[in-house]
Amino acid sequence: MDKNVIEKIEAIVGKDGYSIEPAVLYTYGFDASIFHNTPDMVVQPTSTEQVSEIMKVATEYKIPVTPRGSGTGLCGSAVPIQGGIVMAMQRMNKIRNISVEDLWVDVEAGCIYNDLNAELSKYGFFFPPSPGSAEACQVGGMVATNASGMRAVKYGATRDFVLGLTFVKADGEIVRCGTRTIKDSSGYQLARLLCGSEGTLGIITEITLKLTTKPKKSAYCLCGFENVEDAGRCISAIIAKPLIPASCELMDSVSITAVNKVRGNPLPDCGALCIVEVDGETDEVVDRDILIVEEVAKSVGAVSVTPTKDKDLINRWTDARKSVMTSLSALKPGCSSVSLADDMGVPVSQVPKAVKAFQEIADKYNVTVATYGHASDGNLHTKMVIDPTDKDEWERGVKAVDEIFDVCIELGGTVTGEHGVGISKAPNYMKERASELSSIRAIKKAMDPDNILNPGKLEQWEGSILRNLRYPCQGCM
Ligand SMILES: Cc1cc2nc3c(=O)[nH]c(=O)nc-3n(C[C@H](O)[C@H](O)[C@H](O)COP(=O)(O)OP(=O)(O)OC[C@H]3O[C@@H](n4cnc5c(N)ncnc54)[C@H](O)[C@@H]3O)c2cc1C
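With this note's numbering as the guide, the letters of the sequence shown map in order to residues 10 to 486.
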């Protein structure tokens, strides 16, 4: 990194606010994906004004800047593939203001999701999206990826709660957009544009979120099935009833086997599972709804149905579901679970068709694929369990992934329901959004004319996704 740049950055954030230590730089080259690239500098600002000054320096010297939350992203969106500066937001973590009567909260972008909800719960409110990474991910990272999780079917995704935000443009201009009102029809919705922009349009520094009351009661039902298509049919049948569950998690047999092996058999041994949650204000409401879930599950062929309000049992099931991704790496010696086609979305009615097709594609390419996810909103995760040093396995995996994405697009779906595009979905994202690409490129050019914000991602990705891999894979690019 140029000596003049280092001096200018130090003058803005002080000696403790940046690093060029090789070990630190190496660490900030990862997120939770399969990719890695080492940046030249890590900067940790403490205010919007500091972010603005840093961006002015970056623009002057044409240095790439990759914003970073907690680095929990699964598709490489926070990996600085062109080096430069990683702008790490963890020191901007304050909850600034809560206005319960107006139903909003102002937070800094680096505030951790669970910390925000711990504070909101004191007032009986919550911010519902509930990603699996809730203990670690930042609200800014959630906005930048439009994150959600198991409660999206009933409560929506992050975008649905963003009333307004402050962001810093590539040239350092500070922009406040949106409102603190529940309704807003005032022209273009810039705050919405920043949702899902993955650090390519601006650095989000503060966010105003809408508050929602937290339901007082909930109950769960664990439904076991012979196969994953029956589990998929159960989800569509519950919704068609009509009953919108608070959450409904699907796990296939590969996921169940992995979790049972690693976590001491917390789940029944069967072909597929749905963990269904209902919530409401009274016991009568949740008792009525959980009975509907039981009846529907039996009607589509459930082999076991276990309703409960027991907290220990519920924690056992939900912990088991959360541990799928890590447990999969223990399925076969020398193998890892890798996120390639990790986050597709299809219309809920198409879930059974999609999961069947995923299995056929896995068989065709002789790769182990686990399917699980927040299936009541049609969001399906697959993980491939492969030897990550084996070029041939990667190549078969990528072919399988391309076909999985094709199936989802054909079924009227998307390549990513909640994790974002990053690197791993970039080529298929361009296929999915073909008719929008020229508009997307024009927006990027207008907001970031020198192309310094998280360059090379999304619509700018070129070539195979088998480069910048974090694994020592001989022959992979
Ligand atoms: C175990 C596990 C479970 C997960 N479960 C879910 C889930 O259920 N649902 C879900 O949606 N995701 C899930 N994820 C993915 C990930 O946690 C989310 O995408 C999360 O929103 C990322 O937040 P982060 O703070 O870690 O952002 P990062 O990973 O650091 O960054 C993500 C993207 O946002 C950009 N960015 C970050 N902060 C800013 C900012 N202030 N301004 C502008 N751009 C910014 C980055 O440049 C990058 O493009 C999971 C991940 C793991 C490891």
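Just so you know, even glycine gets a beta-carbon here, dropped at the ideal spot from N, CA and C.
- Short of 7 Å from the beta carbon of VAL148, and not among the five residues preceding or following it, lie these beta carbons of its own chain, in chain order: VAL116, ALA118, CYS120, TYR122, LEU125 and ILE216.
- Apart from the 5 residues on each side of it in sequence, ASP401 has no Cβ closer than 6 Å to any other Cβ in its chain.
- Measuring C-alpha to C-alpha distances from GLY93 to each of GLY85, LEU83, ASN102 and THR75 identifies THR75 as the nearest.
- Scanning its chain for C-beta atoms nearer than 6 Å, with the 5 sequence neighbours on each side dropped, one finds around ALA371 the residues VAL378, in chain order.
- THR75 carries a strand assignment under DSSP once its states are collapsed to helix, strand and coil.
- At least one heavy atom of ligand 1 sits closer than 7 Å to the Cβ of LEU83.
- Between the alpha carbons of SER206 and VAL364 lies a distance of about 29 Å.
- Taking ARG450 as the centre and dropping the five residues before and after it, the same chain places the C-beta of GLU468 closer than 7 Å to its C-beta, in chain order.
- Residue side-chain check: ILE104 keeps its Cβ at 7 Å or more from all non-hydrogen atoms of ligand 1.
- Per DSSP, reduced to three states, the secondary structure at PHE136 is coil, with no helix or strand assignment.
- Pairing ASP278 with LYS270, the inter-Cα distance amounts to about 11 Å.
- Looking only at ALA384, GLY280 and MET393, the smallest Cα-Cα distance to VAL312 is reached by GLY280.
- In this structure, ligand 1 has a non-hydrogen atom nearer than 7 Å to the beta-carbon of GLY208.
- Considering only ALA409, LYS341, GLY343 and LEU172, the residue with the shortest C-alpha distance to GLN368 is ALA409.
- Cα atoms of SER262 and ILE418: separation of roughly 25 Å, rounded to the nearest angstrom.
- With 16 or more other Cβ atoms inside 10 Å of its own Cβ, GLN53 counts as buried.
- In the DSSP annotation of this structure, the continuous segment of the beta strand (DSSP E) that includes VAL177 starts and ends at 171-177.
- Taking the Cβ atoms as the reference, VAL309 lies roughly 5 Å from CYS243, within the contact range of under 8 Å.
- Within the DSSP secondary-structure output, GLN147 pairs in a beta bridge with ILE121.
- If you compare the alpha carbons of GLN483, GLN359, THR57 and LYS131 with that of ALA97, the shortest gap goes to THR57.
- Distance check between CYS257 and each of PRO251, ALA249, ASN236 and GLU286 places GLU286 closest, using alpha-carbon atoms only.
- Restricting attention to VAL407, THR291, LEU129 and THR423, the CA atom closest to the CA of GLY387 is found in THR423.
- GLY187 places its beta carbon 8 Å or farther from that of GLY208.
- Beta-bridge annotation (DSSP): MET50 is paired with ILE94.
- For ARG77 against TYR37, the beta-carbon gap comes to about 7 Å, under 8 Å, which counts as contact.
- The C-alpha of PRO481 lies about 45 Å from the C-alpha of VAL314.
- DSSP places CYS232 in the strand class (E or B) of the three-state scheme.
- In this structure the stretch 22-38 does not lie against the stretch 130-142, because fewer than three pairs of beta carbons, one per stretch, are closer than 8 Å.
- Cβ-Cβ distances below 7 Å link ALA339 to ALA267, LYS270 and VAL271 in the same chain, with the five nearest sequence neighbours on each side left out; the list follows chain order.
- For GLY241, the enclosing alpha helix (DSSP H) covers residues 237-249.
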